[in-house]
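Reading through the structure tokens given below for one structure.
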């Protein structure tokens, strides 16, 4: 079900709290989340299904108007696509996953214009604090990875805890940083560039092959 925010006209999904757990194969998953099957036998049909699921996820994302952005993201978005490939000769099934993450941008309260004397303003304040905290934890994880630290603080945020598989030696990661072209945002742009420089120094190592099922040769 969806709930309308009458103050800004946007919709946000009203869903129960979800928890991140390890499955039987040691992968991090969101327990209780709905998983949809995509028809791979028909390429056109499969692409239509994929576009439909991504559009549904985008509609359910929490957004709100601020003085800086009429459609400001009030949450991070993670789209997880699981792929299974079968070797017809050996019968081995290889699993892969593509995680598309759209991170909400860090926000300065002095520029967002939230009225903290209202209930809605306090709600936006809590959202901003949660967004900034998770981005800060992501930065801590990247810095720990870049320095080769023995402990990576993935557990300090649900975002990094969920993305632990693709941020560790199990996979590869690509980050794109968006910058504002305005002079007023030069401070935020500089912070983003410093963040990107830190990420660029990280070497995750060689990705590993994940054999989902191994069957004897036919």
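Numbering (this note's numbering), first residue to last: 920 to 1137.
Here a beta-carbon is modelled for each residue, glycine too, at the ideal position from N, C-alpha and C.
With respect to residue 994, residue 1009 sits apart: the two C-beta atoms are not nearer than 7 Å. Within its own chain, the residues whose Cβ lies closer than 6 Å to the Cβ of residue 996, once the five positions on either side in sequence are excluded, are 980 and 1021, listed in chain order. Within the same chain, 995 and 1053 come within 6 Å of residue 1078 by CB-CB distance, once the 5 residues on both sides are set aside.
Shown here for residue 948: same chain residues with a beta carbon closer than 8 Å to its own, the five before and five after excluded, namely 939, 940, 941 and 942 in chain order. The three-state secondary structure of residue 1021, taken from DSSP, is strand. Contact annotation, residue 1056 with residue 1076: C-beta distance approximately 4 Å; criterion of less than 8 Å satisfied. If you keep only unbroken alpha helix (DSSP H) runs of at least 4 residues inside the region 1065-1120, you get 1077-1081, 1083-1086 and 1105-1119. As computed with DSSP, residue 1004 is found in a beta bridge with 1013. DSSP places residue 940 in the uninterrupted beta strand (DSSP E) bounded by 938-941.
CA-CA distance, residue 969 to residue 1036, rounds to 42 Å.
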